[in-house]
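Protein sequence lines, in the order shown, are assigned to chains Z and A. For what it's worth, the numbering used here labels the leading residue of the first sequence as 1, then goes sequentially. For what it's worth, the numbering used here labels the leading residue of the second sequence as 291, then goes sequentially. Virtual Cβ for every residue (Gly too), placed ideally from N, Cα, C. Because the structure is a prediction, the values reported are computed rather than measured. A quick write-up on the structure given underneath.
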Amino acid sequence: MNKEEFITQLKKSISILDDSEQQYFVEEYTQHIDMKMSQGMSEEEAVKEMGPVEELSKEILESYHVKINALEDQKAKSIDYKKFFGKIKNQADKIYGKMAADCKKFASGIKKFLTALKDFCPKPLKRNHNENVTEEISGIPENTGASANAGVSSREGTAFAERKQGGFFREIGRMIKGFFRGIKELVKGCLRGMTWLAGRCFYIALWCLLIMWNAFCIGAGIIGIFFTAVFIFLVGLFLVMLTQGYPTAGFTLCALGASVSTGSLVVGCFILTRWKITKDEKPEGGEVNV
Amino acid sequence: MNAQFKKGVLELIVLESVKNKDMYGYELVEEVSKVIDVNEGTIYPLLRRLTNEQYFETYLVESSEGPPRKYYHLTAKGVLYSNALFKEWDAFQAKVNEFFRGVEHE
């Protein structure tokens with residue numbers, strides 16, 4: 001660390017102090033380091049001799065009876081924000097990772113299906129080609145007459161043909177198996193992707209539902225509050241009229257009953273609001289917390 | 291040396307050093323470094339505090355090399371404080387030493 005960095009860091013860490021106080025430390029430290037350097041010490045060394053900035057600033061602040069914990073609390077708060085955003089990021093990464101894994105599975109399913117398909121398609125062509133070759137080989141001795149070499153090649157040719165004949169059905173079986181395995185993987189991949197997607201959608205839908213439900217409850221609650229107020233006003237009105245000799249006893253009772261019922265409706269509405277979705281390990285298992 | 295020891299006695303050393311002779315920061319740091327090994331930076335907060343508490347007063351003296359130097363001078367209040375602190379220290383260390391000698395002889 002050079003002098004300038006040291007001073008900048010120091011200034012930053014004691015920025016809570018009055019400018020004149022900051023100025024004092026900046027001047028003294030600068031002068032001290034300069035003097036050290038004029039005596040032949042290197043800048044780095046001179047700064048190092050001063051001690052770590054954190055410790056110095058702590059000591060400076062302590063000498064002003066600044067509560068250092070308060071500063072650290074502030075720091076901790078800002079770190080909490082960091083944590084919060086880190087959490088969100090982690091969650092996003094997790095979701096993304098899961099999605100990527102499912103996409104990969106999906107892709108590998110398709111790949112397996114395609115390989116199986118490829119295995120299935122060009123094999124007969126290859127076989128035709130091989131047959132031509134064996135024909136040629138077995139044709140050679142016929143054209144050039146008997147010879148030891150020809151005998152060998154014709155024997156080889158027939159052996160190959162036999163092997164080929166026996167292996168053909170096995171090959172077909174393998175191909176069909178591969179084909180079905182490919183399809184199976186494809187379906188599995190599709191299903192897995194779809195379940196995941198469905199789970200996510202379900203979860204989001206659940207959230208939407210929850211928000212709508214809460215909006216409904218709060219809306220009903222607010223309307224309820226209004227009606228309750230009106231009914232309470234009516235109770236008062238009818239009571240006054242009753243004391244004036246009007247025959248409003250029935251109305252008063254009605255209004256009283258209505259105000260009580262709307263009031264309980266309001267309370268019920270607010271009780272019924274739900275803000276949490278309890279989440280199982282898998283989001284598709286999400287349920288409204290009742 | 292134990293950092294807590296240093297911290298406690300540093301103030302007294304600084305006060306006593308300045309009592310003999312007015313000094314500027316760098317000079318004082320060198321003086322203190324003869325006795326105890328401290329981070330050089332830690333002296334300045336102490337100087338500032340003692341100045342703010344009016345035990346020190348400062349004045350500038352032009353220097354042939356570099357900017358003017360800030361000299362620290364012990365005020366009358368500072369002298370009283372320093373003497374009181376020294377008495378405290380003396381009694382304290384005597385007591386502690388006595389205790390240690392007692393433990394040794396047992």
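Residue j beta carbon less than 7 Å from that of residue i
i                 : j                 : result
Arg338 of chain A : Tyr29 of chain Z  : no
Leu336 of chain A : Val304 of chain A : yes
Thr252 of chain Z : Phe227 of chain Z : no
Ala255 of chain Z : Phe231 of chain Z : yes
His32 of chain Z  : Tyr349 of chain A : no
Ala229 of chain Z : Cys269 of chain Z : no
Val235 of chain Z : Ser259 of chain Z : yes
Lys367 of chain A : Tyr345 of chain A : yes
Lys118 of chain Z : Gly189 of chain Z : no
Asp93 of chain Z  : Trp196 of chain Z : no
Met50 of chain Z  : Gly331 of chain A : yes
Gly178 of chain Z : Ala116 of chain Z : yes
Phe84 of chain Z  : Val47 of chain Z  : no
Ile88 of chain Z  : Ile14 of chain Z  : no
Gly224 of chain Z : Leu272 of chain Z : no
Leu210 of chain Z : Arg170 of chain Z : no
Lys11 of chain Z  : Glu43 of chain Z  : no
Leu318 of chain A : Trp379 of chain A : no
Thr365 of chain A : Glu343 of chain A : no
Asp327 of chain A : Tyr361 of chain A : no
Residue i, buried or exposed, once every other Cβ within 10 Å from all chains shown has been counted against 16
i                 : result
Ala146 of chain Z : For Ala146 of chain Z, the predicted structure reports a pLDDT of 45, less than 50, and the residue's modelled location is therefore unreliable. The matter cannot be settled from this model.
Phe389 of chain A : exposed
Glu55 of chain Z  : exposed
Glu185 of chain Z : buried
Phe216 of chain Z : exposed
His65 of chain Z  : exposed
Glu394 of chain A : exposed
Val290 of chain Z : With a pLDDT of 40 at Val290 of chain Z, under the threshold of 50, the modelled position of this residue cannot be trusted; read the value that follows with caution. Exposed, by the Cβ-count rule.
Val386 of chain A : exposed
Tyr96 of chain Z  : exposed
Ala205 of chain Z : exposed
Ser372 of chain A : buried
Met194 of chain Z : exposed
Phe295 of chain A : exposed
Val291 of chain A : The displayed chain sequence assigns Met, not Val, to residue 291 of chain A. Per the 10 Å Cβ criterion, exposed.
Ser57 of chain Z  : buried
Phe382 of chain A : exposed
Ile176 of chain Z : exposed
Thr243 of chain Z : exposed
Lys36 of chain Z  : buried
Those residues which DSSP pairs with residue i across a bridge
i                 : result
Lys58 of chain Z  : DSSP lists no partner for Lys58 of chain Z.
Arg359 of chain A : A:Val351
Met313 of chain A : A:Tyr362
Phe376 of chain A : None, per the DSSP bridge assignment.
Phe226 of chain Z : Looking at the DSSP assignment, Phe226 of chain Z forms no beta bridge with any residue, so it has no partner.
Phe397 of chain A : Residue 397 of chain A lies beyond the range of chain A shown here (291 to 396); nothing can be said about it.
Amino acids of chain Z, ordered along the chain, whose beta-carbon sits closer than 8 Å to that of residue i
i                 : result
Asn292 of chain A : Correct list: empty, because the minimum Cβ distance to chain Z is about 16 Å.
Thr332 of chain A : Gly51, Glu55, Leu56, Glu59
Val308 of chain A : Those do not exist, as Val308 of chain A stays about 15 Å from chain Z at its closest Cβ, beyond 8 Å.
Val319 of chain A : His32
Proximal chain A residues relative to residue i, where beta-carbon distance stays under 9 Å
i                : result
Gln31 of chain Z : Tyr314, Gly315, Tyr316, Gly356, Pro357, Arg359, Lys360
Met1 of chain Z  : Result: empty, since nearest Cβ-Cβ is about 13 Å, beyond 9 Å.
Under 7 Å from the C-beta of residue i: neighbouring residues of chain A
i                : result
Ser42 of chain Z : The contacting residues do not exist; Ser42 of chain Z stays about 15 Å from chain A at best.
Ser63 of chain Z : Pro335, Leu336, Arg338, Arg339
Glu5 of chain Z  : Within chain A, no residue comes near Glu5 of chain Z; the closest Cβ sits about 14 Å away, beyond 7 Å.
Glu45 of chain Z : Near Glu45 of chain Z there are no residues of chain A at all, since even the closest Cβ is about 11 Å away, more than 7 Å.
Asp34 of chain Z : Gly356
Tyr24 of chain Z : Arg338
Partners in chain Z for residue i, counting only beta-carbon separations shorter than 7 Å
i                 : result
Asn387 of chain A : In chain order: nothing, as chain Z lies at least about 29 Å away.
Cross-chain neighbours of residue i in chain A, by beta carbon under 8 Å
i                 : result
Ser291 of chain Z : Because residue 291 of chain Z is not part of the residues shown, which for chain Z are 1 to 290, the question remains open.
Met99 of chain Z  : The premise fails here: Met99 of chain Z is roughly 54 Å from chain A at the closest Cβ pair, so nothing lies under 8 Å.
Contact set between residue i and chain Z, taken where Cβ atoms lie within less than 9 Å
i                 : result
Val322 of chain A : Correct list: empty, because the minimum Cβ distance to chain Z is about 13 Å.
Asn329 of chain A : Glu49, Met50, Gly51, Pro52, Glu55, Leu56, Glu59
Val369 of chain A : Those do not exist, as Val369 of chain A stays about 21 Å from chain Z at its closest Cβ, beyond 9 Å.
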